[in-house]
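Here is the structure we will look at.
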Amino acid sequence: YSGKYAFSGKLICGECGGKLRRWLQGYYKKDERKAAWVCINKQVTKQCDAPLIYEGTVEDAFISIMKTLAGDHTEFISILRENILVELNDDRLDEIESLEREIFSIQELVMQLHKDSRVGILSNIDYTSRIAQAEKDIIALRQKKEAIEIRNEQAKLTKYRIESIDELLDGGLFLEGFSDQLFNDLI
């Protein structure tokens, strides 16, 4: 089941912990169908007793929570920011610089290996194997560096999203009806 609906993949059954799936209730009259969310374990295996939840009820609950947060969000945002920053562990620039120094050191070694090979200090077999190892080491270090950089970018994006939520709540959140766009921006 795709993520084309705002709540797809985000709702969990309170009874069994299974995922909730969107379902249209009322097969006979197309114009009277109502969207609801039902536990996949109830729908497929009949192993759950949780009732279905109409989509309007889920939307109303989201709006209610957001209005509550808008009323006094400072503590919520502060706790959210603190927890996320602890988890993300801020920028890891020192580690990136260390990896760059290691890469540079290996590159210098490669240059020395080239020189030693040209003057005959190093045999072709030794040269080939040491160059191959240096190549593998550089690739591994670059992959580590890239992973850290990606994590740093994700951390920046998360910080931006927290700031956006804070600004939205500071602006006096006015939710009269459910908005897929707002839901997806916040979640």
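For what it's worth, the numbering used here labels the leading residue of the sequence shown as 1221, then goes sequentially.
Glycine is no exception: its CB is placed at the ideal position from the N, C-alpha and C atoms.
Check, Outcome
"Through-space distance from D1269 to F1296, alpha-carbon basis", "33 Å"
"Identity of the residue in F1398, K1379 and D1400 nearest S1298 by Cα", "K1379"
"Through-space distance from G1238 to F1398, alpha-carbon basis", "24 Å"
"Buried versus exposed call for M1331 [16 or more other C-beta atoms within 10 Å across all chains shown]", "exposed"
"Pair within 7 Å by beta-carbon distance, K1364 and L1319", "yes"
"Three-state secondary structure (DSSP) of A1255", "strand"
"Closest residue to W1257 among C1233, I1345 and E1373 (Cα-Cα distance)", "C1233"
"Identity of the residue in K1230, D1400 and A1375 nearest L1303 by Cα", "The amino acid at residue 1303 is misidentified as Leu; the sequence shows Asn. Nearest of K1230, D1400 and A1375 to N1303, Cα basis: A1375."
"Proximal residues to R1350 (C-beta, below 6 Å), its chain only, five neighbours per side dropped", "L1333"
"Burial state of A1281, where buried means 16 or more other Cβ atoms lie within 10 Å", "exposed"
"Collapsed DSSP secondary structure at R1321 in the structure displayed", "helix"
"Inter-residue Cα distance where the pair is L1244 and A1255", "5 Å"
"Closest by C-alpha distance to R1242, when choosing among Q1353, F1324, V1339 and G1229", "G1229"
"First through last residue of the beta strand (DSSP E) which encompasses L1240", "L1240 to Q1245"
"Reference L1361, options I1326, L1231 and T1277, closest by Cα", "I1326"
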